[in-house]
Amino acid sequence: MSSQIMLVHRTCYRYDKPVTMGPQTVRLRPMKACRTPVLTYELKVEPAGGVMAWEQDDNGNETARIRFDEKVTHFNIEVSLVADMAAYDPLCMGSEEPLSLDDNDLACREKPELGKEATTFINGLLTSLPDDPLRKFISTNEAIVRRVRYERRMEPGVLSAEEVLRRNNGSCRDSAWLMVLLARHLGYAARFVSGYLVQSLPGAGREEVLNCDLHAWAQILLPGHGWMGFDTTSGRLAGEGHIPLAVAAEPSGAAPISGLLDRCTSCFDVSMQVQRLFS
Numbered sequence: 472m473s474s475q476i477m478l479v480h481r482t483c484y485r486y487d488k489p490v491t492m493g494p495q496t497v498r499l500r501p502m503k504a505c506r507t508p509v510l511t512y513e514l515k516v517e518p519a520g521g522v523m524a525w526e527q528d529d530n531g532n533e534t535a536r537i538r539f540d541e542k543v544t545h546f547n548i549e550v551s552l553v554a555d556m557a558a559y560d561p562l563c564m565g566s567e568e569p570l571s572l573d574d575n576d577l578a579c580r581e582k583p584e585l586g587k588e589a590t591t592f593i594n595g596l597l598t599s600l601p602d603d604p605l606r607k608f609i610s611t612n613e614a615i616v617r618r619v620r621y622e623r624r625m626e627p628g629v630l631s632a633e634e635v636l637r638r639n640n641g642s643c644r645d646s647a648w649l650m651v652l653l654a655r656h657l658g659y660a661a662r663f664v665s666g667y668l669v670q671s672l673p674g675a676g677r678e679e680v681l682n683c684d685l686h687a688w689a690q691i692l693l694p695g696h697g698w699m700g701f702d703t704t705s706g707r708l709a710g711e712g713h714i715p716l717a718v719a720a721e722p723s724g725a726a727p728i729s730g731l732l733d734r735c736t737s738c739f740d741v742s743m744q745v746q747r748l749f750s
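Residues 472 to 750 in the working numbering are what the sequence shown spells out, letter by letter.
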């Protein structure tokens, strides 16, 4: 069976009146450090006539800066890519460990002030966590999955660690941010990741169903492994189905799309299609 897949991701915004848009930042290009090979990539935007420039931000993310000189009534973004989903062992090699930390990496080490819920949670784990850093965070990841029930949450933003642990549920970005904060509390550099998750789900009979979603997970800098990805929704290490688009010390720095526009009423629609390519 071919390991190559084609993914098409469309985001469409509609506004109730013509609006002036400030520069829009789109973080929807797989990172150079992505271990899943991306063979082709294309980004299209509408309306026509916008100015698009690619640049690398302070976190090393490939970002598109898009500007419209005229007012617009809609803003459409389409990503299409082909990737090779050949399986790999996530334990063999993480992304290369930096020899020194720059200012952005140092921000990933800032020790957070944990509230009562988060302090109680991590202190309860410390008595049983292994000393080995990798095993320590595999265990922490699994503990988060047991405690925080996944829910699809459409509201913008990320919940605090306290709110997630009080509710005992949260979105992928909420539990990923919890993992980042706990890792920093334990003295490790950690960062927030946004990206695509492509996975094969069982269909009718033996039919394979490929599924793709925007997803979030945590990366922790571990001695001898570099930046290792931890999926706090599944409790697994990030593998070939995790395609990172952006990393940042704070979730806002990894938002797929950000920018300002006039006050208005808006609606948006997102669609994602993925299929296996057969030779």
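Even glycine gets a Cβ: it sits at the ideal position worked out from N, Cα and C.
Predicted model only: the values in this text are computed from it and were never measured.
*Buried or exposed by the 16-neighbour rule on C-beta atoms within 10 Å, applied to residue 498*: To locate residue 498, count along the sequence shown from 1; it is residue 27. Taking every protein chain shown into account, the CB of residue 498 has 16 or more other CB atoms within 10 angstroms, so this residue is buried.
*Note down the Cα distance separating residue 542 from residue 535, rounded to an integer number of angstroms.*
The residue you call residue 542 lines up with position 71 of the sequence shown. The residue you call residue 535 lines up with position 64 of the sequence shown. When rounded, the distance between both Cα atoms is 20 angstroms.
*Skipping 5 residues on each side, what residues in its chain have a beta carbon closer than 7 angstroms to that of residue 570?*
Stepping through the sequence shown from its first residue, residue 570 is reached at position 99. Bear in mind that a pLDDT of 47 at residue 570, under 50, signals an unreliable position, so the number given afterwards is only what the model happens to contain. If we look at residue 570 and ignore the five residues flanking it on each side, it has no Cβ neighbours.
*When the Cα atoms are used, what is the spatial distance from residue 544 to residue 524?*
Start at 1 with the first residue of the sequence shown, and residue 544 comes out as number 73. Start at 1 with the first residue of the sequence shown, and residue 524 comes out as number 53. Cα-Cα distance, rounded: 22 angstroms.
_Restricting to Cα atoms, I'd like to know which of 533, 707, 547, 669 is closest to residue 737._
As a first step, residue 737 is located in the sequence shown; it is residue number 266 there, counting from the start. Nearest in C-alpha terms to residue 737, of all of 533, 707, 547, 669, is 547.
*For residue 744, three-class secondary structure by DSSP*: Taking the sequence shown and counting its residues from 1, one reaches residue 744 at position 273. Correct three-state label for residue 744: strand.
*Under 9 angstroms, do residue 643 and residue 487 count as touching if we go by C-beta distance?*
Indexing the sequence shown from 1 puts residue 643 at position 172. Indexing the sequence shown from 1 puts residue 487 at position 16. For residue 643 and residue 487, no; Cβs fall outside 9 angstroms.
*Check whether the segment 593 to 613 touches the segment 504 to 512, counting contact only when three or more Cβ pairs, one atom from each stretch, lie closer than 8 angstroms.*
no
*Count the other C-beta atoms from every protein chain shown that fall within 10 angstroms of the C-beta of residue 658, then say buried if there are 16 or more, exposed otherwise.*
Reading the sequence shown from its first residue, position 187 is the one you call residue 658. If you draw a 10 Å sphere on the C-beta of residue 658, you find fewer than 16 other C-beta atoms in it, and that means exposed.
*With DSSP as the reference, label residue 448 as helix, strand or coil.*
Because residue 448 is not part of the residues shown, which for the chain are 472 to 750, the question remains open.
*Identify the residues that DSSP records as bridge partners of residue 673: which are they?*
If you number the sequence shown from 1, residue 673 lands on position 202. BP columns for residue 673 point to 679.
*For residue 559 versus residue 710, is the C-beta distance shorter than 9 angstroms?*
Your numbering for residue 559 matches position 88 in the sequence shown. Your numbering for residue 710 matches position 239 in the sequence shown. Yes, the Cβ-Cβ distance between residue 559 and residue 710 is below 9 angstroms.
*CA-CA distance, residue 526 and residue 611?*
Numbered from 1 along the sequence shown, position 55 holds the residue referred to as residue 526. Numbered from 1 along the sequence shown, position 140 holds the residue referred to as residue 611. Taking the straight line joining both Cα atoms gives about 35 angstroms.
*According to DSSP, which residues form a beta bridge with residue 715?*
To locate residue 715, count along the sequence shown from 1; it is residue 244. 666, per the DSSP bridge assignment.
_Terminal residues of the alpha helix (DSSP H) in which residue 635 lies_ = Along the sequence shown, read from residue 1 onward, the residue named residue 635 stands at position 164. Element bounds for residue 635: 632 to 638.
_First and last residue of the uninterrupted beta strand (DSSP E) at residue 530_ = Taking the first residue of the sequence shown as 1, we reach residue 530 at position 59. Premise fails: residue 530 is in no beta strand (DSSP E) and is neither H nor E.
*Which residue or residues does DSSP assign as beta-bridge partners of residue 596?*
Translated into positions along the sequence shown, residue 596 becomes position 125. In the DSSP output, where bridge partners are listed per residue, residue 596 has none listed.
*Under the three-state reduction of DSSP, which class applies to residue 584: helix, strand or coil?*
Taking the first residue of the sequence shown as position 1, residue 584 is located at position 113. Coil.
_Quick check: what's the CA-CA separation for residue 656 versus residue 580?_
In the sequence shown, the residue the question calls residue 656 occupies position 185. In the sequence shown, the residue the question calls residue 580 occupies position 109. Whole-angstrom Cα-Cα distance: 9 angstroms.
*Considering residue 703, what are the terminal residues of the beta strand (DSSP E) in which it resides?*
Working through the sequence shown from its first residue, we reach residue 703 at position 232. Looking at the DSSP string, residue 703 is not in any beta strand (DSSP E), and its letter there is neither H nor E.
*Determine the burial state of residue 742: buried for a count of at least 16 other Cβ atoms within 10 Å of its Cβ, exposed for fewer.*
In the sequence shown, counting from the first residue as 1, residue 742 sits at position 271. Exposed: under 16 other Cβ atoms inside 10 Å.
*What residues in its chain sit with their C-beta under 6 angstroms from that of residue 682, if we drop five residues either side in the sequence?*
Walking along the sequence shown from the start, residue 682 turns up at place 211. Result list for residue 682: 670, 672, in chain order.
_Buried or exposed for residue 532, going by 16 or more other Cβ atoms inside 10 Å?_
Sequence index remark: in the sequence shown, residue 532 carries index 61 (1-based). Buried, because 16 or more other Cβ atoms sit within 10 Å of the Cβ of residue 532.
*Exposed or buried, residue 647, counting other C-beta atoms within 10 Å across all chains shown (16 or more means buried)?*
Sequence index remark: in the sequence shown, residue 647 carries index 176 (1-based). It is buried - the Cβ of residue 647 has at least 16 other Cβ atoms within 10 Å.
*Check whether the Cβ of residue 538 sits closer than 8 angstroms to any heavy atom of the ligand COA, and report yes or no.*
Among the ligands in the structure shown, none appear at all, so the ligand COA cannot be discussed.
*asked:* Using a 10 Å radius around the Cβ and a threshold of 16 neighbouring Cβ atoms, would you call residue 496 buried or exposed?
replied: Against the sequence shown, residue 496 aligns to sequence position 25. Buried, since its Cβ has 16 or more Cβ neighbours within 10 Å.
*Cβ pair residue 730, residue 493 closer than 9 angstroms*: The count along the sequence shown starts at 1 and reaches residue 730 at position 259. The count along the sequence shown starts at 1 and reaches residue 493 at position 22. Yes, they are a contact pair.
_Starting from residue 492, trace the beta strand (DSSP E) in both directions and tell me its first and last residue._
Stepping through the sequence shown from its first residue, residue 492 is reached at position 21. From DSSP, the beta strand (DSSP E) with residue 492 extends over 492 to 497.
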